[in-house]
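Reading the sequence shown from the start, the letters are residues -20 to -1, 1 to 396 in mature numbering (1 follows the signal peptide of the UniProt record, and there is no 0).
The beta-carbon is built from N, C-alpha and C at its ideal position, and this holds for glycine as well.
Shown next, in structure tokens, is the structure this report addresses.
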Amino acid sequence: MKKKLLAITLCLAMTVSAMAGCGSKQDTAPADTGSQNTDASAQSGGEKDAAPASSNSAAPADTSASGSGSGDLEGAHVLLLKAAGTFTTKIYEGYSDYMESHGYKTAEKSPTETTVAAQVQIIDELITQKVASITVATNGDAGYDEVFKKAKDAGIIINSVDSACNPEFRTIHVNQASSESLGAYQVRAAVLQALGVDYPGDNMEKAVDDALASYTGDELRIGVLSASIDTPVQNGWIADMEKELQRPCYQGKVSPELDKKYGNDDLTASTTQAQAFMSENKVDVIIAPTTVGLAAQGQVLKQAGSDMKVTGLGVPSEMQAFMPLSPDENAFDYVCPYMMLWDLGHLGALSAAATLAVMNDGFDGKEGSTFTMDAWGDYPETTFTAAPASDGGTEVIMDDPYVFYKDNMADWINKM
């Protein structure tokens, strides 16, 4: 049997961004759901119900980064993500809006290529320019310690977002969702799509249990089109996908081995790997835990007229050609019946709030310490608590993943 399977400004261009880089679901935007769940112990694999001084000289020419905030950066708060693109733009919109509403100068300085070396070069330049803080999403596990130590010695606040940096140097990591929930959501969505089950809306865990209980076909195989092989955040999610696959309901019915390929968050490389999945024909469904990979895989499957499905983490405006946009449509007429992500603007604003808490309120990031994020957009004032992170540091968690599907995609295309 063939196995079937975001909130700020208008972004309608079908560009593929560099990313960054999950059951019940909300039917409304996350901004309408009230207070966020900030207790890390409540962030599980289960689903939730609903949905400055001036410088004496100009800044040096920036040949390695693309972003706003050029010129005098002394005293500025800088967001440094993995690479320039739609994902980065949307996070920076929230970050800069929150910072500037509190009277602070910001800049976004993400590199044009997703490498550690490119980010290290930018950080070195930012130290020279005497910025006040750097919030970074790292492109790798290693290679930053020397430059982070230099920044810290210069009195620069260091936090991370999305992809954590060494806890020795950061105050806090801002996590969009728990790794456990992101891994579990994506596996559950993939298995349900491989079995031709539409998004259940209330509890994907139960839906998976029920669907697999009656499944008697060949063992299903899942492919993963990720970013680079050493990107911490995706590797953490993949580890939690593998953990999810150890649950009894999958045994003998879904292979615990994931077929992994890496597109380096580059459109051309991701497309090549997506085509490899097609030509090898070894998997029944594909997970792309990166916006670049998801859009690339969607395009390849659509062009091939394949009935293979893909799910993962995507931006609605980039995925509208590959997903149903109306409740009346058959989701399985599309290569991506449903996918996950989070409100990118809110993630940026939370990152800004964390930095200001360190700078102004004595927030030290130690386990149990708290800070309050002021009301932003439709989100109410919310207190976040630092909880242990898997790397030995601490983190705050924004929320559970948000599922985009045929009932809400039309609402989100114009927002994210």
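Cβ-Cβ distance between residue i and residue j below 7 Å
i, j, result
"ARG150", "SER159", "no"
"ASP239", "ALA207", "no"
"VAL315", "VAL290", "yes"
"GLY123", "VAL96", "yes"
"ASP142", "VAL213", "yes"
"GLY243", "LEU205", "yes"
"LEU200", "ALA174", "yes"
"THR187", "VAL265", "Residue identity differs from the one stated: residue 187 is Ala in this sequence, not Thr. No, Cβ-Cβ distance for ALA187 and VAL265 is not below 7 Å."
"CYS229", "ASP190", "no"
Residue from the options with nearest C-alpha to residue i
i, options, result
"ILE377", "TYR314, ILE393, GLY345", "GLY345"
"GLY361", "THR352, ILE202, GLN279", "Reading off the sequence shown, one finds Glu at residue 361, where the question assumed Gly. The residue with the shortest Cα to Cα distance from GLU361 is THR352."
"THR248", "GLU375, VAL272, ILE103", "VAL272"
"residue 406", "ASP380, TYR165, ASP190, ALA56", "The requested residue 406 does not occur in the structure, where the chain is confined to residues -20 to 396."
"GLN283", "GLY292, PRO269, PHE302", "PHE302"
"SER286", "ALA254, SER306, ASP308", "ALA254"
"ASP308", "ASP371, HIS82, ALA390, PRO368", "ALA390"
"GLY203", "ASN340, ASN394, CYS229, LYS262", "LYS262"
"LYS241", "LYS233, VAL234, SER250", "SER250"
"GLY292", "LYS132, ALA275, SER306", "ALA275"
"SER259", "ALA268, GLN277, LYS223", "GLN277"
"GLN300", "THR196, PHE128, LYS395, ASP190", "LYS395"
"GLN231", "GLY197, THR252, LEU327", "GLY197"
"GLN101", "LYS130, GLY74, GLY135, THR86", "LYS130"
"LYS110", "SER297, ASP354, ASN388, LYS85", "LYS85"
"GLU224", "ASP264, GLU185, PHE128", "GLU185"
"ASP220", "SER370, ILE71, GLY342, ILE266", "SER370"
"ASP358", "GLY372, PRO269, HIS326", "HIS326"
"VAL154", "TRP356, ILE71, ASP190", "ILE71"
"THR118", "LYS132, ALA144, ALA134, ASP133", "ALA144"
"GLY74", "ASP354, GLY373, TYR195", "ASP354"
"ILE267", "LEU172, GLN226, ASP52, PHE343", "LEU172"
"GLY66", "THR270, GLN226, ASN388", "The amino acid occupying residue 66 in the given sequence is Thr; Gly does not appear at that position. The shortest C-alpha separation from THR66 is found at THR270."
8 Å CB neighbourhood of residue i in its chain, flanking five on each side removed
i, result
"TRP322", "LEU(-15), PRO10, GLN156, ALA157, MET378, ASP379, PRO381, TYR382"
"ASP125", "ASN146, GLU148, PHE149"
"VAL127", "VAL100, ILE103, ASP104, ILE107"
"ILE393", "LEU(-9), PRO296, SER297, GLN300, LEU305"
"PHE384", "GLY294, PRO296, MET299, MET303, TYR318, MET319, MET320, LEU321, TRP392"
"ALA41", "Its pLDDT being 31, under 50, ALA41 is placed unreliably by the model, and the measurement read from it follows with that caveat. Once the five neighbours on either side are set aside, ALA41 has no close Cβ partner at all."
"THR256", "A small fix is needed here, since residue 256 is Ala in this sequence, not Thr. Closer than 8 Å at the Cβ level, and outside the excluded window around ALA256, lie LYS241."
"GLY372", "PRO147"
"TYR195", "LEU175, LYS233"
"GLN226", "PRO236"
"ILE218", "GLY163, VAL204, SER206, LEU238, LYS240, PRO269"
Own chain, CB closer than 6 Å to residue i, minus 5 neighbours either side, in chain order
i, result
"ALA311", "ASP178, PRO304, PRO317, LYS386"
"GLY216", "SER159"
"THR68", "LEU61, SER90"
"GLY25", "Summary for GLY25: the model assigns pLDDT 30, below 50, so the residue's position carries little reliability, and this model does not support an answer."
"ASP210", "GLY120, ASP121"
"THR363", "THR350, THR352"
"VAL338", "ILE137, THR151"
Sequence-distant residues of the same chain with beta carbon closer than 7 Å to residue i, five excluded per side
i, result
"THR335", "HIS57, SER113, THR115, ILE137, ASN139"
"GLY83", "none"
"ASP341", "PHE351"
"THR252", "none"
"LEU281", "MET288, VAL290, VAL315"
"ALA134", "ILE107"
"LYS132", "ILE138, PHE149"
"PRO368", "GLU347, THR374"
Any chain B beta carbon closer than 7 Å to residue i
i, result
"TYR385", "In summary, chain B is missing from the structure at hand, where a single protein chain is found."
Quiz item: If you pair each beta-carbon of the region 72 to 92 with each one of the region 329 to 336, do three or more pairs fall below 8 Å?
Solution: yes
Quiz item: If you pair each beta-carbon of the region 96 to 114 with each one of the region 54 to 62, do three or more pairs fall below 8 Å?
Solution: yes
Self-check item: Within the region 264 to 290, ranges of the alpha helix (DSSP H) (whole runs, at least 4 residues)
Solution: Runs of alpha helix (DSSP H) with 4 or more residues, each lying fully within the region 264 to 290, are found at 271 to 284, listed in chain order.
Practice problem: Please specify which runs of the beta strand (DSSP E), each continuous and at least 3 residues long, are wholly inside the region 329 to 361, giving them in chain order. | Solution: Counting whole runs of 3 or more residues, the region 329 to 361 contains the beta strand (DSSP E) stretches 350 to 353.
Quiz item: Mind pulling the beta strand (DSSP E) runs of 3 or more residues that sit fully within the region 187 to 252?
Solution: Taking only runs of at least 3 residues, the beta strand (DSSP E) segments lying wholly in the region 187 to 252 are 202 to 206, 239 to 242.
Practice problem: May I have a chain-ordered list of the beta strand (DSSP E) segments no shorter than 3 residues that lie completely inside the region 63 to 114? | Solution: As for any beta strand (DSSP E) of minimum length 3 sitting wholly inside the region 63 to 114, the runs are 86 to 88, ordered along the chain.
Quiz item: Residue ranges of each beta strand (DSSP E) run of no fewer than 3 residues wholly in the region 286 to 326, ordered along the chain?
Solution: Correct list: 289 to 292, 319 to 321.
Quiz prompt | Unbroken stretches of the beta strand (DSSP E), 3 residues or longer, contained in the region 103 to 187 | solution = 113 to 116, 137 to 141, 153 to 155
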